[in-house]
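Anchor point for the sequence shown: position 185 equals 224 in my numbering, and the numbering is continuous, going up by one each time.
C-beta: ideal position from N, C-alpha, C; glycine also.
Source: prediction; values computed, not measured.
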Amino acid sequence: MTAAYKICLLPGDGIGPEIIAEGVKVLDALGAKYNVTFEYTEALLGGAAIDVTGTALPQETLDVANASDAVLLAAVGGPKWDTTDPEKPRPEQGLLGIRKALGLYTNLRPVRIFNALAGASTLKPEVIDGVDLVIVRELTGGLYFGRRERFYDEEGAGVNGACGQRAYDTLEYREYEIERIARQAFDAARKRRSKVTSVDKANVLETSRMWREIIHRVHDADYRDVELEDLLVDNTAMQLINRPADFDVVVTENMFGDILSDEAAQITGSLGMLASASLGDGTALYEPSHGSAPDIAGQGIANPLAQILSVEMMLRYSFGMNDAADDINRAVTAVLDEGWRTGDIKGPDTAADHVVGTAQMGDLVVARL
40 MTAAYKICLL PGDGIGPEII AEGVKVLDAL GAKYNVTFEY TEALLGGAAI DVTGTALPQE
100 TLDVANASDA VLLAAVGGPK WDTTDPEKPR PEQGLLGIRK ALGLYTNLRP VRIFNALAGA
160 STLKPEVIDG VDLVIVRELT GGLYFGRRER FYDEEGAGVN GACGQRAYDT LEYREYEIER
220 IARQAFDAAR KRRSKVTSVD KANVLETSRM WREIIHRVHD ADYRDVELED LLVDNTAMQL
280 INRPADFDVV VTENMFGDIL SDEAAQITGS LGMLASASLG DGTALYEPSH GSAPDIAGQG
340 IANPLAQILS VEMMLRYSFG MNDAADDINR AVTAVLDEGW RTGDIKGPDT AADHVVGTAQ
400 MGDLVVARL
């Protein structure tokens, strides 16, 4: 009997529709190879949803996501929808909202070096040699979901003497949120090199002091076989550049993880190479780590490999198709080893006839599956 999986496709904005098409292309090729049927339903999220419905996350999109076995997202955002007006919707609200609504509290961002792209990194080869880490980011707590307000009062008066603005965002965490992300990190480390770096700002923030206490409590109770170290977030930012190969699993709260994962991505030389998975209680969501790149949208030159590698993670975590996931990893590695590049990852030694566009890169990967 042929297996069948329902996938919610969220092309989003900018280059999103172009790169998600390459992810579907790879899925279809693997479906034929492994006698699996993938059924796709496309829905709106981000700026595209704002344009049609006035909201970044329509209820219809949530309904489709909840009825699916996995969600494949491309990218959201762009200058068209940039605003500082708290009353107006922003594309990023759709992404945060769908993670929250689906109960996705864990974001996994693998950071590994493809040998063929080592020269694309701005760090010295000896610094990035052996880099293979995973950032485990908590997704449903912290500043992004805390209470917030902007208002006028006399104390905030501006230089013209008029009533000035004040604003606040609240950083909150609950004990269970920290405990469950801790277990995700320790479990991931057991499958890797058995080392967890917990990142906080415990010298300043009360939430970070609670974070550290709970991380250690979970470790001491159930994971003594895993090495645990604590690092302040500012020191972590420095050490990711100084000694990235020393990290295995990095676990941290929402905003710290958002920032550090983008920093870690640059170690590889391009955000266009890094995938991510958002996991939790509901339908899992998979997406590239990069943005919507509106400056190159519609030109057919975007790098689809992070989207394709997100498909690899989907096959592993949602469908248990590890052999098919391995096929993707081998195919991407082979294409890069053969010298094929999109514009963002080409180097001075890249042959001109080996610089390809979005669809051509997808075709090359499919050909090697």
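With 16 other Cβ atoms within 10 Å as the buried cut-off, status of residue i
{"i": "Asn-342", "result": "buried"}
{"i": "Pro-327", "result": "buried"}
{"i": "Phe-190", "result": "exposed"}
{"i": "Gly-169", "result": "exposed"}
{"i": "Met-277", "result": "exposed"}
{"i": "Thr-122", "result": "exposed"}
{"i": "Gly-359", "result": "exposed"}
{"i": "Val-243", "result": "exposed"}
{"i": "Val-288", "result": "buried"}
{"i": "Arg-263", "result": "exposed"}
{"i": "Asp-334", "result": "exposed"}
{"i": "Thr-411", "result": "Coverage of the chain is limited to positions 40 through 408, which leaves residue 411 absent and any answer about it impossible."}
{"i": "Gln-223", "result": "buried"}
{"i": "Asp-366", "result": "buried"}
{"i": "Gln-204", "result": "exposed"}
{"i": "Gly-296", "result": "buried"}
{"i": "Thr-322", "result": "buried"}
{"i": "Gln-346", "result": "buried"}
{"i": "Arg-138", "result": "buried"}
{"i": "Asn-361", "result": "exposed"}
{"i": "Tyr-44", "result": "buried"}
{"i": "Gly-117", "result": "buried"}
{"i": "Gly-319", "result": "buried"}
{"i": "Val-265", "result": "buried"}
{"i": "Gly-339", "result": "exposed"}
{"i": "Ala-332", "result": "buried"}
Supposed contact pair residue j and residue i - C-beta distance, whole angstroms, cut 8 Å
{"i": "Glu-214", "j": "Thr-179", "result": "Going by Cβ atoms, the distance from Glu-214 to Thr-179 rounds to 14 Å, so no, they are not a contact pair."}
{"i": "Gly-86", "j": "Pro-56", "result": "Not a contact, Cβ separation roughly 12 Å."}
{"i": "Gly-80", "j": "Ala-88", "result": "In the sequence under discussion, the amino acid at residue 80 is Thr, which differs from the Gly named in the question. At roughly 15 Å, the Cβ-Cβ gap does not stay under 8 Å, so Thr-80 and Ala-88 are not in contact."}
{"i": "Arg-176", "j": "Thr-291", "result": "6 Å"}
{"i": "Gly-53", "j": "Ala-398", "result": "16 Å between Cβ atoms; not a contact."}
{"i": "Leu-403", "j": "Asn-293", "result": "About 36 Å; that fails the 8 Å criterion."}
{"i": "Ala-71", "j": "Leu-49", "result": "Not confirmed; about 24 Å, so no contact."}
{"i": "Gly-386", "j": "Ala-159", "result": "6 Å"}
{"i": "Phe-286", "j": "Leu-172", "result": "4 Å"}
{"i": "Tyr-325", "j": "Leu-111", "result": "5 Å"}
{"i": "Arg-251", "j": "Tyr-144", "result": "19 Å between Cβ atoms; not a contact."}
{"i": "Val-405", "j": "Ala-68", "result": "5 Å"}
{"i": "Ile-306", "j": "Pro-283", "result": "5 Å"}
{"i": "Met-249", "j": "Tyr-212", "result": "7 Å"}
{"i": "Ser-315", "j": "Leu-147", "result": "6 Å"}
{"i": "Thr-372", "j": "Phe-153", "result": "6 Å"}
{"i": "Leu-279", "j": "Val-235", "result": "With 8 Å as the limit, Leu-279 and Val-235 do not qualify as a contact, their Cβ atoms being about 15 Å apart."}
Distance CB(residue i)-CB(residue j) smaller than 8 Å
{"i": "Ala-95", "j": "Ile-174", "result": "no"}
{"i": "Ala-221", "j": "Val-257", "result": "yes"}
{"i": "Ala-18", "j": "Gly-330", "result": "Because the chain spans 40 through 408 in this model, residue 18 falls outside it and cannot be assessed."}
{"i": "Trp-75", "j": "Ala-42", "result": "Here residue 75 turns out to be Val, not Trp, going by the sequence shown. Their beta carbons are under 8 Å apart, which means Val-75 touches Ala-42 by this criterion."}
{"i": "Leu-271", "j": "Asp-301", "result": "no"}
{"i": "Leu-156", "j": "Leu-375", "result": "yes"}
{"i": "His-393", "j": "Arg-407", "result": "no"}
{"i": "Leu-313", "j": "Val-63", "result": "no"}
{"i": "Ser-233", "j": "Ile-254", "result": "no"}
{"i": "Leu-354", "j": "Met-400", "result": "no"}
{"i": "Arg-231", "j": "Thr-209", "result": "no"}
{"i": "Gly-93", "j": "Pro-125", "result": "no"}
{"i": "Ala-363", "j": "Tyr-73", "result": "yes"}
{"i": "Gly-378", "j": "Ala-390", "result": "yes"}
{"i": "Gln-91", "j": "Cys-47", "result": "In the sequence as presented, Gln is not what sits at residue 91; that position holds Val. Taking 8 Å as the Cβ cut-off, Val-91 and Cys-47 do not qualify as a contacting pair."}
If we require 3 or more residues per run, which beta strand (DSSP E) segments fall completely within the segment 75-115?
75-81 and 109-114
In chain order, which alpha helix (DSSP H) runs of at least 4 residues are fully inside the segment 279-335?
293-306
Restricting to runs no shorter than 3 residues, where is the beta strand (DSSP E) found entirely within the segment 188-245?
Taking only runs of at least 3 residues, the beta strand (DSSP E) segments lying wholly in the segment 188-245 are 203-208 and 234-239.
Are at least three pairs of beta-carbons, each pair with one atom in the segment 349-364 and one in the segment 130-140, less than 8 Å apart?
no
Jot down the residue ranges of each uninterrupted alpha helix (DSSP H) in the segment 115-193, minimum 4 residues, whole runs only, in chain order.
130-140 and 164-167
At 3 residues or longer, what runs of the beta strand (DSSP E) sit wholly inside the segment 379-404?
none
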